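Asker: Mind looking over this structure? Questions follow.
2 protein chains.
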Amino acid sequence: MLRRSLGSIVSLASRKYSGKSFSSNMAQIINGNEIAKEIRGQLKQELKDLVDSGNPVPHLTAVIVGEDPASEKYVQNKMNACLEVGISSETKRLPASTTQEELLQLIAELNKDQRVTGVLVQLPVPEHINERTICNAVDVDKDVDGFNELNIGRLALDMDGIVPATPLGVKRLLEHQNIETHGRNAVVVGRSKNVSLPMAILLHADGKYATKALDATVTICHRYTPPKELARHCRQADIIVVAVGKPGLITKDMVKPGACVIDVGINRIKDEKTGKFKLVGDVDFEEVRQVAGHITPVPGGVGPMTVAMLLHNTLKTAKKQFCDRQAS
Amino acid sequence: MLRRSLGSIVSLASRKYSGKSFSSNMAQIINGNEIAKEIRGQLKQELKDLVDSGNPVPHLTAVIVGEDPASEKYVQNKMNACLEVGISSETKRLPASTTQEELLQLIAELNKDQRVTGVLVQLPVPEHINERTICNAVDVDKDVDGFNELNIGRLALDMDGIVPATPLGVKRLLEHQNIETHGRNAVVVGRSKNVSLPMAILLHADGKYATKALDATVTICHRYTPPKELARHCRQADIIVVAVGKPGLITKDMVKPGACVIDVGINRIKDEKTGKFKLVGDVDFEEVRQVAGHITPVPGGVGPMTVAMLLHNTLKTAKKQFCDRQAS
């Protein structure tokens, strides 16, 4: 109760003076665009060194099945980022009528193709295709998304492998901002296999192994966590990572003063004032920033980090393949 | 704070009348021996049906490296249980000086041997052998312990696979006692890869997939969770599963009245009164039973369930192999 009272006092204070001389009470906004740009710069240099030392240019092939405008946009962002860093890339577009067998056939070809060092199937795939079968079909060594069952197993076991880009990006943000995680309370809201579960694993596991995990106490909340309990868990958290796709889920009264709030949600909603569509996260940004210590915006927070970490993964898988080839 | 006060009142009341006419206030003791016996009876029938329909008798090979009295005892318990259920089994004993290469060679032979349907390497292995390399070397389809990286990945993804015996046994105990987990708060104390992490996955994940997980809100506490925070998380929990190997770690003041307390710890300590050694768990049993709604004893709680679930896994792996052979 003490924490909540404190929270109310601080947030009232923030509201009173917001935008004026006391705006320093507001959360520090984590600039994902800037941090991702910095990382892309490092990756560009890394790639140059790799190629300069006689290796081929890494090549990422993305596959889109069907016509989803969001998927098109995501893949376009990834391809643009590849171009910037110097990774060769191409997008294969298959019609929505593609059978699972045909998609598996393409993946098998890409797995075999020595020129292709990274393979990515943009999700979601059409409903008649089993997403899990597809993710597992991508060669574990070319699996830049880290969605193959073997890469998930390795992550769970703190082993070196490919970590899904979004949780890896969140980890990088926390490290970049020097957010203390060791022994702190973290809450992950959501239990998706591509974001939330790998996030919970990275947050709670032992920092002394290959994944350099974050040693936090972690609570996983999800659709069956009663709202009152969700609020209580969040209020006790030093770090909140939310990834569920519900605008406004995390409100000011759920956040402990000074907590770090990472918003993975991307929701397209209609702005009541302008009538135009806009992107928002799962956090009530304007309110929560009055209480939190750090907060990521949407867009410009986690999103660009996901793309940067995909490039990181693409470079990592390529390096491993080049190394394996030299060894064999 | 309210909960803690309530806890104190209830526990005082329990202490006052303990052992007398008000002993019904005491926790129900979950009899793992009895539940495991019931399961072994079912498995015996299942095995009979399997063999009666023309399949070979499943065969489990256990490997012990070095001479650890605890390992000898654990494996002996497993072999005895195999005998009771009708599973054929044998134990291969290798000297502590066995190299990793030699052990991998033996595992490769067992993997190939059609007669052997289950392979188990008793942990711990001597320090000069990499435990993870060994666990991953066991064929995923013969991996009755569920420690192979692929089985861990499948569990994390809610896929059908082999689940490590101890967390699977705890799940069965909870189900057998009709402990409500859906939307409840569970705390897992510990973050081991063989017990705690699979437990946290089974507790939090979605009940509608292959692993039939438990849909609880889950908090993972560990060595870096400050004691005060550990106590607070535990006091909020409807279910506590502790698996760290610290006698007396969970005390009465840390348990919410009516909570279900599952003790996975097995610690050999000297009884100050008798001077003899005895087994205790991680929970202060005599105190906590005055507050909890359900509690497992040590010994006789989780231990026998682990053995029963190993048999379950052995039967499951055998069935899959027989089925695959028929299909091919």
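Chains A and B, in that order, are what the protein sequence lines are.
Start counting the first sequence at 424; every next residue gets the next number (the numbering used here).
Start counting the second sequence at 424; every next residue gets the next number (the numbering used here).
Beta carbons are placed, not taken as given, at the ideal position from N, Cα and C, and that holds for glycine.
Everything numeric in this text was worked out from a predicted model, so none of it was measured.
Does T556 of chain B pass the burial test, meaning 16 or more other C-beta atoms within 10 Å, or should it be called exposed?
Answerer: Burial call: exposed.
Asker: Tell me whether Q749 of chain B is buried or exposed, calling it buried when 16 or more other Cβ atoms sit within 10 Å of its Cβ.
Answerer: The residue is exposed, with fewer than 16 neighbouring Cβ atoms inside 10 Å.
Asker: What is the DSSP secondary structure of S494 of chain A, reduced to helix, strand or coil?
Answerer: S494 of chain A: helix per DSSP, three-state reduction.
Asker: Do the region 728 to 747 of chain A and the region 585 to 592 of chain A touch if we need at least three Cβ pairs shorter than 8 Å?
Answerer: Yes, since at least three Cβ pairs between the region 728 to 747 of chain A and the region 585 to 592 of chain A fall closer than 8 Å, the two stretches touch.
Asker: Mind checking if I575 of chain B is an interface residue toward chain A, Cβ cutoff 8 Å exclusive?
Answerer: Yes, I575 of chain B lies at the interface with chain A (some Cβ there is under 8 Å from its Cβ).
Asker: Taking Cβ to Cβ, would you say N608 of chain B is nearer than 8 Å to T640 of chain B?
Answerer: It is a contact, given that the beta carbons lie within the stated cut-off.
Asker: Would you grab the beta carbon distance between V612 of chain B and V667 of chain B for me? Rounded to a whole angstrom, and I think it's under 8 Å.
Answerer: That pair is a contact at about 6 Å.
Asker: Starting from the beta carbon of P649 of chain B, find every residue of chain A whose beta carbon is closer than 8 Å, and list them in chain order.
Answerer: Here the neighbours are G606.
Asker: Which first and last residues belong to the beta strand (DSSP E) in which S512 of chain A is found?
Answerer: 511 to 517 is the span of the beta strand (DSSP E), which, as asked, contains S512 of chain A.
Asker: CB D562 of chain B to CB I585 of chain B, shorter than 8 Å?
Answerer: No, Cβ-Cβ distance for D562 of chain B and I585 of chain B is not below 8 Å.
Asker: Which residues in the same chain as P722 of chain B place their Cβ atom closer than 6 Å to its Cβ, once the five residues preceding and following it in sequence are excluded?
Answerer: So the list reads L702, once near-sequence residues are dropped.
Asker: If we cut at 8 Å on Cβ distances, does K439 of chain B have a partner in chain A?
Answerer: At K439 of chain B the pLDDT is 38, less than 50, meaning the model places this residue with poor confidence and gives no usable figure here.
Asker: Note down, in chain order, all residues in the region 607 to 627 of chain A with a beta-carbon under 7 Å from any beta-carbon belonging to chain B.
Answerer: Listed in sequence order: N608, R614, K616, L620, H627.
Asker: Check whether chain B comes within 8 Å of L580 of chain A, counting only Cβ atoms and requiring the distance to be less than that.
Answerer: Judged by the 8 Å Cβ criterion, L580 of chain A is in contact with chain B.
Asker: Taking the straight line between their C-alpha atoms, what separation do you get for G576 of chain B and T697 of chain A?
Answerer: Rounded to whole angstroms, G576 of chain B to T697 of chain A spans 46 Å at the Cα level.
Asker: Return the bridge partner residues of K471 of chain A from the DSSP annotation.
Answerer: BP columns for K471 of chain A are empty, so no partner.
Asker: Suppose you measure from the CA of N690 of chain B to the CA of E490 of chain B; what does that come to, to the nearest Å?
Answerer: So the alpha carbons of these two residues sit roughly 19 Å apart.
Asker: For C746 of chain A, does the count of other Cβ atoms within 10 angstroms reach 16, so buried, or fall short, so exposed?
Answerer: So C746 of chain A counts as exposed.
Asker: Take the Cβ of I692 of chain B as the centre, count every other Cβ of all protein chains shown within 10 Å, and call the residue buried at 16 or more, exposed below.
Answerer: By the neighbour-count rule (16 or more Cβ atoms within 10 Å), I692 of chain B is not buried but exposed.
Asker: Cβ of K679 of chain A within 8 Å of Cβ of Q713 of chain A?
Answerer: In this structure, Q713 of chain A does not lie closer than 8 Å to K679 of chain A by Cβ.
Asker: For K635 of chain B and E461 of chain A, what's the separation of their Cα atoms in angstroms?
Answerer: If you take the alpha carbons of K635 of chain B and E461 of chain A, they lie about 43 Å apart.
Asker: What number of angstroms, rounded off, separates the C-alpha of P549 of chain A from the C-alpha of V488 of chain A?
Answerer: Distance between the alpha carbons of P549 of chain A and V488 of chain A: 7 Å.
Asker: Out of B:R595, B:I530, B:P547, B:N478, state which residue places its alpha-carbon closest to the alpha-carbon of E457 of chain B.
Answerer: Closest by alpha carbon: B:R595.
Asker: Is D583 of chain B close to chain A? Criterion is C-beta to C-beta, closer than 8 Å.
Answerer: D583 of chain B does not count as touching chain A.
Asker: Taking 8 Å as the CB-CB cut-off, is S446 of chain A touching chain B?
Answerer: Residue placement at S446 of chain A is flagged as unreliable, the pLDDT there being 49, under the threshold of 50; the coordinate-derived value follows with that caveat. No, no contact with chain B.
Asker: Report the neighbours of V721 of chain B on chain A: residues whose CB is nearer than 7 Å to its CB, in chain order.
Answerer: Within chain A, no residue comes near V721 of chain B; the closest Cβ sits about 25 Å away, beyond 7 Å.
Asker: Measuring alpha carbon to alpha carbon, tell me which residue in B:L672, B:Q451, B:H717, B:V544 is nearest N571 of chain B.
Answerer: For N571 of chain B, the nearest C-alpha among the options comes from B:V544.
Asker: Considering just the uninterrupted stretch of the alpha helix (DSSP H) at F570 of chain A, what are its terminal residues?
Answerer: Segment: none, F570 of chain A is in no alpha helix (DSSP H) and carries neither H nor E.
Asker: Which residue marks the beginning of the beta strand (DSSP E) containing K701 of chain B, and which one marks its end?
Answerer: Element bounds for K701 of chain B: 700 to 703.
Asker: Tell me which same chain residues have a C-beta within less than 6 Å of the C-beta of D568 of chain B, skipping the five on either side of it?
Answerer: So the list reads L543, once near-sequence residues are dropped.
Asker: Since R712 of chain B meets chain A, which of its residues come closer than 7 Å, beta carbon to beta carbon?
Answerer: In chain order: nothing, as chain A lies at least about 26 Å away.
Asker: Who are the Cβ neighbours of H482 of chain A in its own chain at under 6 Å, not counting the five residues just before and after it?
Answerer: Here the set comprises S511, R538, V539, T540.
Asker: Shortest alpha-carbon distance to V706 of chain A belongs to which of A:V730, A:G726, A:K699, A:M677?
Answerer: Comparing Cα positions, the closest option is A:M677.
Asker: With H, G and I counted as helix, E and B as strand and the rest as coil, what does DSSP make of F445 of chain A?
Answerer: Low confidence applies here, because F445 of chain A scores a pLDDT of 43, under 50, leaving its location unreliable; read the following figure in that light. Coil.
Asker: Near N574 of chain B, what residues of its chain come up, given a Cβ to Cβ distance below 7 Å and the 5 sequence neighbours on each side ignored?
Answerer: Cβ within range, chain order: V563, D566, G584, I585.
Asker: K679 of chain A by DSSP, collapsed to three states: which one?
Answerer: If DSSP states are grouped into helix, strand and coil, K679 of chain A belongs with coil.
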